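Enquirer: Start counting the sequence shown at 1; every next residue gets the next number (full-length UniProt numbering). Here it is, the structure, as structure tokens.
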Amino acid sequence: MAHALAETLLNRLLFDTNYDESEAEPVNYSREMTEAVSQYVDICMEKANEARKRSADAEIMVEARLDYSEWAPEGFGTGDLVIVADEVLEVVDLKYGKGVPVSAINNSQMRLYALGAYAAYSLLYDIKTVKMTIVQPRLDSVTTDTMAIVDLLAWGESIKPVAKQAFEGDGDCVAGSHCGFCKVRHLCRALADTCLEEFYRMGGKKTNLLMDSEVARILDMYPVIKRWLEDVNEYAIQKAVSGEKDWPGYKVVEGTSKRKITEPIKAAQALLAADYEASEIYRPQELKTITDLTKLLGRNGFNEIVGPYVVKPPGKPTLAPLSDPRKPMELNTVTAEDFDDDL
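This is the structure we're talking about:
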């Protein structure tokens, strides 16, 4: 749903697409999704406007079908935003999930998408530089990897034998960040061994507290281990609910749920009839999102009228590898409120 919303908003803002909301199937997007996608759309619009300033012939595609089968057999994907302008090719990918941080640095998926975009436009444009950006709005994360096209093509040649081997089902399984795209990752022995290896190794330590080097190693493995645990848990639940598996020591129970009002209009009428004021039963009116207001006012109108009242607060502190392109955070600005729990 997040990608569908992003596609609709970008098409409206970039191409002035005629869109009659009364004819569209109604979709109720949550406020969290709308705000997160709006952040992504703002970033895409900045990149698109910069490209149009650099080149009058800038090519901008939303949800572009990409074919990189020249490097990986039957390799296809979708570029959420693809821009070609002034010898620069840029691919932008929206990651709506917030469970695992995903960096564009040395990201194989992004490089394959870039190869697919290059294959589509290399005959029309003299592409010399490639930029690959991943936007994770719910983690306040934007990462970009930049490569010379000759380096990207060299990388593409280097992975051809491995991609062919994987396509044919040969070779040994090797765990890594790429496991997130595997359909059997929840049962993969290589991934399980990799995730558990660190804990087996630490079991032989004599100290009562973890050493700094061990904490750093856990941070390296955290995204992979967390995703693996979630996948195994989801697989176990699905099999138990379907009756295919009866896991030793476990049973299926009903999880917690929250009550909800199924007919809000009738509920409001009943409350008003019981002499409660509207101000007591309704939430305060809220402004529309930045994206919706930009659509209403236009970008210049929004900046002129609403711009003075818009700020972008600093993101919550998070740890990132030294290869991350973001600048180190000013630690004297961090307060206790930046953390959810006391340690």
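Backbone N, C-alpha and C define an ideal beta-carbon position, used for all residues, glycine too. Since the structure is predicted, the reported quantities are computational estimates derived from the model, not experimental observations.
#1: If you check the beta carbons only, do V84 and M132 fall under 8 Å apart?
#2: Under 7 Å Cβ to Cβ from A104, same chain only, skipping five residues before and after it: list those, please.
#3: As an exercise, report each continuous alpha helix (DSSP H) stretch of at least 4 residues that is fully enclosed by the region 206-264, in chain order.
#4: Secondary structure at G298, three-state DSSP: helix, strand or coil?
#5: Which residue marks the beginning of the beta strand (DSSP E) containing A85, and which one marks its end?
#6: Less than 8 Å between the CB atoms is what I'm expecting for M31 and K295, so what's the real figure, rounded?
#7: Please classify Q39 as buried or exposed, where buried requires at least 16 neighbouring CB atoms within 10 angstroms.
#8: Give me, in chain order, the residues of the same chain whose beta-carbon lies closer than 6 Å to that of M33; leave out the 5 immediate sequence neighbours on both sides.
#9: Alpha carbon to alpha carbon, what distance is there between E254 and K260?
#10: Using the C-alpha atoms, what's the distance from L297 back to E304?
#11: Give the straight-line distance between the Cα atoms of C179 and R189, rounded to the nearest whole angstrom.
#12: How big is the Cα-Cα spacing for A58 and R52?
#13: Tell me whether T146 sits in a helix, a strand or coil according to DSSP, three-state version.
#14: In whole angstroms, what is the alpha-carbon distance linking M211 and M221?
#15: Grab me the residues of D86's own chain with a C-beta within less than 8 Å of its C-beta, minus the 5 sequence neighbours each way, in chain order.
#16: Expressed to the nearest angstrom, what Euclidean distance is found between the alpha-carbon atoms of V320 and A240?
#17: Using the Cα positions of G99 and A274, report the straight-line distance between them to the nearest angstrom.
#18: Specify the secondary structure class of I134 as computed by DSSP and reduced to three states.
#19: Apart from the five residues on each side of it in sequence, which residues of its chain come closer than 6 Å, Cβ to Cβ, to E23?
#20: What is the rounded straight-line gap between the Cα of D41 and the Cα of V88?
#21: I'd like the list of long-range same chain contacts for M45, defined as Cβ closer than 7 Å, with 5 residues on each side in sequence excluded.
Expert: Per the coordinate set shown:
#1: no
#2: M110, M132, T133, I134, T143, T144 and D145
#3: 212-242
#4: coil
#5: F76 to A85
#6: Residue identity check: residue 31 is Arg in the sequence provided, not Met. Their Cβ separation, rounded to whole angstroms, is 17 Å, which puts R31 and K295 out of contact at 8 Å.
#7: buried
#8: A2
#9: 17 Å
#10: 10 Å
#11: 12 Å
#12: 6 Å
#13: strand
#14: 16 Å
#15: A51, R54, S55 and A58
#16: The amino acid occupying residue 320 in the given sequence is Ala; Val does not appear at that position. A320 and A240: Cα-Cα distance of roughly 37 Å.
#17: 44 Å
#18: strand
#19: Because E23 sits at a pLDDT of 41, beneath the cut-off of 50, its placement in the model cannot be relied upon, and the following sentence gives the value as read from the coordinates. The answer is none, since no qualifying residue turns up.
#20: Here residue 41 is Val; the residue named in the question, Asp, does not match the sequence. So the two alpha carbons sit approximately 20 Å from each other.
#21: L13
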